[in-house]
Amino acid sequence: MPELAEVEHARRQWNVGLGAAVREVLIARPEIRVFRGTDVAALRRRLPGRVLSRSEANGKQMLFHFEPLPGKGEKTRLWLGVHLGMRGDLRVETTADFQPGKHDHLVLRQDGGRALVFEDQRHFGRILFHEGAEPPAWWTRLAPSVLSAEFTRDGLADFLQRRRRSPLKAALLMQEKFPGVGNWMADEILWRARLHPATPAGAVAADKRRLTELFQQIRWVAQTASEVISDNWTYPPTWLFLHRWEPGGFCPRRGCGAALERATIGGRTTCWCPRCQGKVES
DNA sequence: CTATTTGTTTATCC
DNA sequence: AGGATAAACAAATA
């Protein structure tokens, strides 16, 4: 589930808790992988009493800000990082007697019976915790969003040239350049740009026309997915996304309808249209 | 029982 | 040295 747009949607689920203090932190299994590298004891000890003041997301990473304690000179904020991994999600429970389920690994109880819940069935997600006046390095070092002005066509060309021997599919999954792009978004982008996922990245770096097409489709898919998810989660039937896991799915492009192909490329199951994205160009 | 899954990190190989 | 690739991780589902 969680790629760029779904992560943004998950972040907003906790908005109802903005401006309210945490009363209790529930962590049933601090030893699981989700908390690797995190000081769970500090999290439990420091978060109660703190007000959730804002949140932001970049790609698949989220950052929740907790205000300094009232009092002069106090500058220390608490920062909670959340990554959803493969199947994680954020939600809110509003029943006063809510008890965490098997996969509810972090629960922040607030007043009024509200609970902010992080769930993750597969434990591939991650909770990070930081205390200080400034946001943590794992947040500030993230690559700029593909929707930001810092993501440019020339920057894309440089990256693809450096990764020239990687298949395009593998390159698009690299968070150091395309934060938030995951398996289905990468396939959607390549399908729209009419580029075979196994094409070496260097072939696009050296071709202005295909480079421009790829650049624009990265932006378009990221932007449009965000709008669709904000609206009603209904992707138009012209998205490859809706057909990729149908048994014997067909290319949704007007006038095409060819049988979709699937194979492992860049270590992940990849789906493409052999007619629209026919040959590997190098 | 086997194979699969919208992700990242680590080890190993080139 | 830097980059490409496969395995590992965990748990549910088909």
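If you count the first sequence from 1, position 191 lands on 179 in this note's numbering, and the numbers rise without skipping.
Yeah, the Cβ is synthetic: ideal placement off N, Cα and C, and Gly gets one too.
Note that the structure is predicted; figures quoted are calculated from it, not measured.
Could you name the residues of the same chain whose beta carbon sits closer than 7 Å to that of L156, not counting the 5 residues immediately before and after it, in chain order?
-> L178, L183, P185, T187, A189 and V192
Where S214 falls: helix, strand or coil (DSSP) = helix
Tell me which same chain residues have a C-beta within less than 6 Å of the C-beta of E107, skipping the five on either side of it?
-> D77, H91 and D92
Since L51 and G69 are thought to touch, with beta carbons under 8 Å apart, how far apart are those beta carbons, to the nearest angstrom?
-> 6 Å
Is the beta carbon of L96 less than 8 Å from the beta carbon of E176?
-> no
For P240: DSSP bridge partner residues = P240 is not bridged to any residue.
K48 and P56 look like a contact to me (Cβ under 8 Å); what is the Cβ gap, rounded to whole Å?
-> Their Cβ separation, rounded to whole angstroms, is 28 Å, which puts K48 and P56 out of contact at 8 Å.
First and last residue of the beta strand (DSSP E) that includes L144?
-> Not the beta strand (DSSP E): L144 falls in the alpha helix (DSSP H), residues R141 to R150.
Three-way DSSP call (helix, strand, coil) for W227 in this model | coil
Nearest residue (CA-CA) to R129, options A181, R21, K165 and G61 | K165
Please check the pair G168 and A210, which I expect to be a contact at CB under 8 Å, by giving their CB distance rounded to whole angstroms.
-> 7 Å
Apart from the five residues just before and just after H118, which ones in its own chain have a Cβ nearer than 6 Å to its Cβ?
-> W67 and P124
Are L6 and L31 close, meaning C-beta to C-beta below 8 Å?
-> no
Would you mind listing the beta strand (DSSP E) stretches within the region -3 to 40 that are 3+ residues and don't spill past its ends, in chain order?
-> 10 to 14
At which residues does the beta strand (DSSP E) containing T128 begin and terminate?
-> Per DSSP, T128 belongs to no beta strand (DSSP E); it is in the alpha helix (DSSP H), A125 to T128.
contact_flag[the region 231 to 243, the region 22 to 30] where n(CB pairs < 8 Å) is 3 or more | no
Is the beta carbon of G101 sitting closer than 8 Å to the one on T83?
-> yes
Short Cβ contact (8 Å threshold) for L(-8) with V10 | no
Neighbourhood of A251 by C-beta distance below 7 Å, restricted to the same chain and skipping five residues each side = T258
Alpha helix (DSSP H) containing W172: first to last residue?
-> N171 to R180
Any idea which residues DSSP pairs C259 with across the strands?
-> R250
For H(-3), which residues from the same chain have a beta carbon less than 8 Å from its beta carbon, with the 5 sequence-adjacent residues on both sides left out?
-> I217 and S218
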